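Here the structure comes first, spelled out in structure tokens, and everything after it is commentary.
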Amino acid sequence: MNQNLAKIFREIAFYFEMQDIVFKPQAYEKAALSLETLRESVDEIYKKQGIGGLKKIPGVGQGIAEKIIEYVKTGKIGEHQQLKKKTPVNMGELTGVEGLGPKKIKILYQKLKVRNLNDLEKAAKKREIAPLFGFGEKTEQNILQGIEFFKKSKGRFLLGEILPRVYEIIAELKNLKEVKQISEAGSLRRRKETIGDADILIAGSNPKKVIDYFVSLPGAVKIWNKGLTKASIRLDEGFDVDLRVLPEKQFGSALQYFTGSKEHNIALRKIAVEKGLKLSEYGLFKGSKMTAGKTEEEIYEKLGLDWMPPEIRENNGEIKAAQAHQLPRLIDINNIKGDLHCHSHWEAGKRLIGEMAAAAAKIGYEYVGISDHTKFLAIEHGLDEDQLIQQKKEIERLNSRLRQGFGGQAKFRILQGCEANIMADGSIDIKDEALAKLDYVIAGVHSQMKMTESEMTERIVKAMRNPNVDIISHPTGRILKQRDEYKINFDRILKIAKETGTILEINANPYRLDLNDKNIRQAKKIGVKMIINSDAHHKEQLNFMEYGVFQARRGWCEKKDVINAWPLKKFLEFFKKPKSERTGFI
DNA sequence: GCCGTTTTCGGCCCGACTGTTTTCAGTCG
């Protein structure tokens, strides 16, 4: 409900922009943004509190509240329908093409009847776009390239695809002596799970030289633009990198500005205005006098705020918390003591347990848990009850060898779990007696994912009520860019998790990152404990952990919220207690 | 269309770059 309505409001905003109407577009955009981050469904709010409740939503006043009510009652909004009828274009597709905004889309529709990506491509190929007033050869070519990109990537890349490559580029740029300070910025620095393009910021001298070097980096296949202070390239991996170069005294203000989020910055600038200051990427100014800009810290301080990590800069309460000096102490990768979701492919060769354990110990973990799939997942060589016993013997053997080796003082422990399957009826595909013998049990949904919301929710609830099931893996089931989450009532999942002492996983695989940031924040609020797991299928994938930690940070997680940030002793005590006694364990 | 510790009117974040209409609108972040 909220998401659909948000989409409609964005479209209305867009139509208003087409017509050169000022300020209304921002109003609708703002309302859309509020709805997207709203926990409670608007029809619930309306039912309980009427129009007054709706008007309490930031950015919603009389006019938009009435539109929400119209949508709740009829499922559509008359004005939106009319606007759409007048200019029936596929907004999602067309705005996804770099360089196309409301004005150009309007002309393309009026002159060439372009409604969607397909029409646009045809028109560009027939060279009908270049002669249009306000367009030209280059615009036409850029449109064609934009279409290619949009089709290829659907516009966004995974954090896990981009971050390592950007670290490489930053390392290369550091070779230049002109580069004094460098950082990634934008949604990349905020560690969003998907990224549109990468931003890099440099403080230093001779920007021309830096920019020339940047646009000629190996792997740069296209230069979108290149000016005196900024440039933008496409890499052969298919994503864009924007670079900005500026003087050192502005590095902090620019980093703050280009890290965003946009909403966070708007809120910050309003605070500046209230204090009689002006904040831009060039610094914090009182009149024409610059009062801060060299570091982010001094800008936040001058505005009366504590500095905060980029991951929470989404205008979602962090500004108030910073003003009250009550920011959370976010969990850090160095807090992670172990990883409980690692596959050894037991059937394929038991030596992998040793390899995985060695790699985990090398990272500095105190423990690693082997949790192979179980028998229902035959395709993944799922283990049955007997094989689990076999595996247990092997793990015990390795543990005793560990205790003898390393001078007898090796603290490192291998734990045995499994990732069992939650069947359609909520039962587990391994007998309870066998589950009870393991150090811990993870259970997850791996089949029949298209159930109704109540069926899927009750399926997982039943699994959580099983006293042997400690952890639910990838609780919402989404795969980024491929598959939406299952239909579930997440509030109910949280309630039962809390009630039963079940832990929810933050799966760190860059394609999953499941729970997402919103889920995590909710879980934390309610007091449901979480665990960050890599879901590694070979030892290199243990490094996925950092993406899970980023996600946890975006959900405001602290060390205490995440059980594998606890030391081994406390961790083992926790698992020794019956599930029912774990709630409240800190 | 929203909003208000300057509150019911008059504001609404700010600047760079591109391409094209050669002085600036459109787009982006």
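This note's numbering puts the first residue of the first sequence at 619, with every later residue one more than the last. Where is the CB? At the ideal position from N, CA and C, for every residue including glycine. Computed from a prediction, not measured in an experiment: that's the story for all the values here.
Which of helix, strand or coil does DSSP assign to residue i?
i, result
"methionine 1067", "coil"
"phenylalanine 632", "helix"
"methionine 619", "coil"
"asparagine 952", "helix"
"serine 1198", "helix"
"glycine 681", "helix"
"isoleucine 747", "coil"
"arginine 931", "coil"
"glycine 696", "helix"
"glycine 1000", "coil"
"glutamate 786", "helix"
"lysine 1142", "helix"
"leucine 1131", "coil"
"tryptophan 842", "strand"
"lysine 740", "helix"
"isoleucine 813", "strand"
"glutamate 923", "Contrary to the premise, residue 923 reads as leucine rather than glutamate in this sequence. In the structure shown, leucine 923 sits in coil (DSSP, three-state: anything other than H, G, I, E or B)."
"serine 1072", "helix"
"isoleucine 1089", "strand"
"lysine 896", "strand"
Which first and last residues belong to the alpha helix (DSSP H) in which residue i is found?
i, result
"methionine 709", "709-713"
"methionine 1148", "It is not in any alpha helix (DSSP H) - methionine 1148 instead sits in the beta strand (DSSP E) that spans 1148-1151."
"lysine 1113", "1108-1118"
"aspartate 858", "No alpha helix (DSSP H) contains aspartate 858, which is instead part of the beta strand (DSSP E) from 858-864."
"serine 834", "It is not in any alpha helix (DSSP H) - serine 834 carries neither H nor E in the DSSP assignment."
"leucine 886", "880-892"
"aspartate 574", "What the structure shows of the chain is the stretch from 619 to 1204, and residue 574 is not part of that stretch, so it cannot be assessed."
"glycine 1044", "Careful: glycine 1044 lies outside any alpha helix (DSSP H) and carries neither H nor E."
"glycine 901", "Glycine 901 -> not in any alpha helix (DSSP H); beta strand (DSSP E) instead, spanning 901-904."
Tell me where the beta strand (DSSP E) around residue i begins and ends.
i, result
"glutamate 1037", "1031-1039"
"alanine 650", "That residue, alanine 650, is in no beta strand (DSSP E); its alpha helix (DSSP H) goes 642-655."
"threonine 909", "907-910"
"isoleucine 818", "816-822"
"leucine 853", "848-853"
"alanine 803", "797-803"
"alanine 1061", "1060-1062"
"glycine 987", "985-991"
"glutamate 1123", "1121-1125"
Closer than 8 Å by C-beta to residue i: which residues in its own chain qualify, once you throw out the five before and the five after it? Chain order, please.
i, result
"glutamate 929", "Arg808, Arg809, Leu948, Phe1168, Arg1171, Arg1172"
"arginine 931", "Arg808, Thr877, Gly878, Ser879, His882"
"leucine 776", "Glu811, Thr812, Ile813, Leu1098, Lys1099, Pro1128, Tyr1129"
"serine 1072", "Asn1107"
"threonine 913", "Phe869, Gly870"
"glutamate 739", "Leu762, Ile765"
"glutamate 866", "Lys798, Gln799, Ala821, Gly822, Lys912"
Short of 6 Å in beta carbon distance, which residues of its chain neighbour residue i, apart from the five on each side in sequence? Order them along the chain.
i, result
"glycine 677", "Lys648, Ala649, Ser652"
"leucine 1053", "Val1059, Asn1086"
"methionine 908", "Gly901"
"isoleucine 971", "Ser962, Ile988"
Nearest to residue i by CA position, among the options, is which residue?
i, options, result
"serine 823", "Arg657, Gln799, Glu688, Ile639", "Gln799"
"aspartate 830", "Ile851, Thr655, Ile889", "Ile851"
"lysine 792", "Glu766, Ile820, Thr913", "Ile820"
"alanine 975", "Leu1033, Gln1009, Lys1010", "Leu1033"
"isoleucine 981", "Asn620, Leu738, Leu1160, Gly1000", "Leu1160"
"glutamate 892", "Lys920, Glu916, Tyr875, Ala872", "Lys920"
"alanine 885", "Arg1096, Gln941, Lys840, Met709", "Gln941"
"tyrosine 689", "Ile1013, Asp661, Lys666", "Asp661"
"valine 863", "Leu873, Asp854, Asp1179", "Leu873"
"glutamate 575", "Val1063, Gln1066, Gly778", "There is simply no residue 575 to check, as the chain begins at 619 and stops at 1204 in what is shown."
"glutamate 654", "Ile675, Gly1062, Gln667", "Ile675"
"isoleucine 917", "Asp1043, Glu899, Pro1185", "Glu899"
"threonine 705", "Lys827, Lys1143, Gly696, Lys731", "Lys731"
"alanine 1126", "Asn1151, Lys665, Glu755, Thr1201", "Asn1151"
"alanine 939", "Asn760, Gly693, Gly922", "Gly922"
"lysine 625", "Ile686, Gln637, Gly671", "Ile686"
How many whole angstroms separate the CB atoms of residue i and residue j, which I take to be in contact at a CB cut-off of 8 Å?
i, j, result
"methionine 1148", "leucine 1122", "5 Å"
"isoleucine 1013", "methionine 1163", "The Cβ separation is near 21 Å, so there is no contact."
"glycine 752", "isoleucine 723", "At roughly 12 Å, the Cβ-Cβ gap does not stay under 8 Å, so glycine 752 and isoleucine 723 are not in contact."
"leucine 995", "asparagine 1039", "6 Å"
"valine 839", "alanine 849", "With a Cβ gap of about 14 Å, valine 839 and alanine 849 do not count as contacting."
Within a Cβ cutoff of 7 Å, which residues of the same chain sit near residue i, ignoring the five residues on either side of it in sequence?
i, result
"aspartate 817", "Glu802, Ala803, Gly804, Leu806, Asp860, Phe876"
"threonine 1118", "Met1082, Arg1083, Lys1197"
"lysine 642", "Phe634"
"glutamate 619", "Reading the sequence as shown, one finds methionine at residue 619 and not glutamate. Closer than 7 Å at the Cβ level, and outside the excluded window around methionine 619, lie Ser659, Val660, Asp661."
"proline 1185", "Lys955, Glu984"
Given the structure, does residue i come close to the ligand COA, in the sense that its CB is under 8 Å from one of the ligand's heavy atoms?
i, result
"glycine 668", "Because no ligand of any kind appears in the structure shown, any question about the ligand COA cannot be addressed here."
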